[in-house]
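J.:
In this note's numbering, the protein residues as written are 42 to 218.
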């Protein structure tokens, strides 16, 4: 019985891998603007695929890499569109950390929207760039525009901890220089 169960699970894993590749490879191969042509590499302890919906769930120590952007989370779900030919969005939950160049972000939840290349951070969301820190309930990062929006609410307002002069070249600090 255990032998059958192991073989059955191995067969399901192979199907999930094939489903995952069928979702991601068209996105990788399609002619897209710079940045979108980079492969998405997802690793985790476990992976589950729902063949009906096309949603693939990665669980436990998940790492997502695309170009210089790296995302870590407890759980990542990929949502397809166009019958699995394109990737619509990726949702990461639990201890989310995103690193890209000199910036890093943390949040309880992150949602990456392929259309517009937008990363939405919610729940204890913080973005770090050197010593500077941006804090807010909802932070939207427009990756293809190098632009960020912070949305507040009645309980929590956006905060920006800014250290003027940090990271500038010697001799450029101070007024009139």
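Think of the CB as a built atom: it goes at the ideal place given N, C-alpha and C, for glycine as much as any other residue.
Just to confirm my understanding: we take residue 84, look at its own chain, exclude 5 residues before and 5 after, and list those with CB closer than 6 Å. What are they?
T.: Same-chain partners within the cutoff: 104.
J.: With 16 as the cutoff for other CB atoms within 10 Å, does residue 119 come out buried or exposed?
T.: Buried: at least 16 other Cβ atoms inside 10 Å.
J.: Decide if residue 94 is buried, meaning its Cβ has at least 16 other Cβ atoms within 10 Å, or exposed.
T.: Residue 94 comes out exposed.
J.: Pick helix, strand or coil for residue 108, following the three-state DSSP scheme.
T.: Three-state DSSP puts residue 108 in coil, outside helix and strand.
J.: Check whether the Cβ atoms of residue 88 and residue 97 lie closer than 8 Å to each other.
T.: Cβ atoms of residue 88 and residue 97: closer than 8 Å.
J.: Go through its chain and collect everything with a Cβ distance to residue 194's Cβ below 6 Å, but skip five positions before and after it.
T.: So the list reads 178, once near-sequence residues are dropped.
J.: Would you tell me roughly how many angstroms separate the C-alpha atoms of residue 144 and residue 175, rounded to the nearest one?
T.: Distance between the alpha carbons of residue 144 and residue 175: 11 Å.
J.: Can you grab the Cα-Cα spacing for the pair residue 191 / residue 168, in whole Å?
T.: Cα to Cα, residue 191 sits roughly 10 Å from residue 168.
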